[in-house]
Every structure is written in structure tokens, then in C-alpha cells.
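Numbering (our numbering), first residue to last: 5 to 117. Where a beta carbon is used, it is the ideal one built from N, C-alpha and C, also for glycine.
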Amino acid sequence: MFIEVLKSKIHRVTVTEADLDYIGSITIDEELLEASGIIENQKVEIYNITNGERFATYAIRGERGTGVIGINGAAAHKARVGDLIIIAAYAQMTPEEAAKWHPTVIFPKNNRV
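Next up, the structure:
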């Protein structure tokens, strides 16, 4: 049996872009991706602290050092520029693996590591 546990979390970053006309996904500064252990195209859950919305999408790499957090496509209806969000990724593992697992959680300041 496998269970799903928190793998990575980017805690409390600010949305800098919202683009309805983009195909989809969330653009995340490459430094934040690396620090959190989230990889490009990985499924992520977005928790909008500002308005309570929750949705799933996939991560794409944004320009390094810019602090970009861009909500793209239809999800741009669920988050606006200036909203505070949490980005979480999960992994499947056995209960035995999960008992020893420690997720990577980062707490950026002004969208920077």
C-alpha cells in the first residue's frame, strides 16, 4: 500500500502574474523550485490564503532570481496578482518510508530564497 505525503512546500509567496490567455500551469522562480525540490512539470496543489481557493496544476520554471509566481490559464480566475499562496507537492510512498520521511519546506521572503 502507498500513502500520499507532503514532499515539498513553498510557504507564503505572493502572486506576481495572472495570465488567463496562457495554456495553463504555475510559473515559479527557478531558485524557489530548486530550494523546495519541486521539479518542472510536477503536479502541485495551490492554496490561496487570500481568498480560500484551492486548485491543482503543474509547475513550470520561471526566470531565476525574479521572484516570479505566475498563475496561468483558467486558474488565473482563482488567484490574482498580490494574493498570498502556498504551493505544495506530494509523493507516494509506503507507510514505512513515510515514517522516516522529512519534507522540504521553504519560507521565502519577498518571493526569494
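With a cut-off of 8 Å, do at least 3 Cβ pairs link the region 103-115 to the region 56-64?
Three or more Cβ pairs closer than 8 Å define a contact, and the region 103-115 falls short of that threshold against the region 56-64.
Excluding five sequence neighbours on each side, which residues of the same chain lie with their C-beta closer than 8 Å to the C-beta of Val72?
Thr20, Glu21, Thr31, Ile32, Asp33, Gly66 and Asn115
Would you mind reading off the limits of the alpha helix (DSSP H) that contains Glu100?
In the DSSP annotation of this structure, the continuous segment of the alpha helix (DSSP H) that includes Glu100 starts and ends at Pro99 to Lys104.
Lys11 and Pro107 - do their beta-carbons sit closer together than 8 Å?
yes
Taking the alpha-carbon of Thr61 as reference, which of Asp87, Ile43, Ile110 and Gln96 has the nearest alpha-carbon?
Ile43
Assign Gly66 to one of three DSSP states: helix, strand, or coil.
strand
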